[in-house]
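Everything in the sequence shown is counted per this note's numbering, starting at 26 for the first residue and increasing by one.
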Amino acid sequence: MTPVPFLVRLMSRAGNMKKSEILIENRTSKAMQFHVEPECVQFEIPVEKAAEVSGHYESEPITIQFSDDEDGGVFGAVFPGDGGVIVRIDGQMIVETI
26 MTPVPFLVRL MSRAGNMKKS EILIENRTSK AMQFHVEPEC VQFEIPVEKA
76 AEVSGHYESE PITIQFSDDE DGGVFGAVFP GDGGVIVRID GQMIVETI
């Protein structure tokens, strides 16, 4: 099965960057292919696995968790966060953390 492609854009405001980690969890039934910017790192996360990305971001360490939705698509949630859910049914999804 072809991995689902995702672009993870980890952004920061100028002058306020610090070392931080982003944990990306794949709780879906599909392997997921990630391209992380601005580091230009590309990797695949198998089903029910996670990967950690380290870099200099403004945000505190966060977790981005992807799960299957009822319609056969994928949804993502960011923790800790304001409870907002990022929704995408198919194709490429862009996740932006600020």
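The beta-carbon is built from N, C-alpha and C at its ideal position, and this holds for glycine as well.
For clarity, every value in this text was computed on a predicted model and none was experimentally measured.
- Around the beta carbon of Gly101, 16 or more other beta carbons sit within 10 angstroms, so the residue counts as buried.
- Judged by DSSP in its simplified three-state form, Gly97 adopts coil rather than helix or strand.
- Under the 10 Å beta carbon count, Phe59 is surrounded by 16 or more other beta carbons and is classified as buried.
- Comparing alpha-carbon positions, the option among Phe91, Pro86, Cys65 and Val66 lying closest to Ala75 turns out to be Phe91.
- When DSSP states are grouped into helix, strand and coil, Ser92 belongs to the strand group.
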